[in-house]
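The structure under discussion appears below in the form of structure tokens.
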């Protein structure tokens with residue numbers, strides 16, 4: 085894979101400050117039309133939508149290489165901010181009821197549409213209502229996730245906690 089990155093570098097595909105540029109600098113350059121691509125997640129769709137480049141912006145999952153390893157037609161279409169509740173909530177019926185009520189709402193179709201209305205993908209299999217003009221950047225990304233042949237893992241790999249590290253965490257939290 086590094087050879088392919090070197091080929092892109094040699095072809096002039098990257099800005100001279102690509103290794104020192106902050107994420108926000110990259111976003112700003114893209115929104116000002118000074119960069120052809122932006123490596124961002126769907127959270128950037130609202131900023132893109134509010135910019136002059138919105139009409140010309142589409143989602144691209146990235147390159148696939150004939151010499152690549154593993155599944156390449158994959159898009160991370162999973163919730164990336166899990167909600168957690170301390171186990172002690174279960175000791176208080178009112179707190180537990182409030183948490184259950186919140187979670188029931190959070191995973192409801194109404195809340196999923198609120199997420200979409202605010203530039204975020206649904207975290208369930210809810211099929212959102214999108215305005216193709218006012219939400220074209222988000223629609224482009226969501227359409228890509230449901231394209232034929234595209235797969236998605238069940239969860240983000242960096243959010244998995246192995247059983248080896250889960251036990252000490254659980255023990256520490258109950259002490």
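Residue numbers (our numbering): 85 to 259. C-beta: ideal position from N, C-alpha, C; glycine also.
By the Cβ test, the region 95-104 is not in contact with the region 190-209, since fewer than three Cβ pairs between them sit closer than 8 Å. Around residue 161, the same chain offers 229, 236 as residues with beta carbons nearer than 6 Å, after the five sequence neighbours per side are excluded.
Residue pairing from DSSP leaves residue 224 without any beta-bridge partner. For the alpha helix (DSSP H) assignment, the region 143-176 encloses no uninterrupted run of at least 4 residues. Bounds of any alpha helix (DSSP H) do not take in residue 215, whose DSSP letter is neither H nor E.
Going by DSSP, residue 131 is part of the alpha helix (DSSP H) stretching over 129-133. Rounded to whole angstroms, the separation of the alpha carbons of residue 181 and residue 187 is 10 Å. Proximity to residue 239 across 207, 138, 215, 114 peaks at 207, based on C-alpha coordinates.
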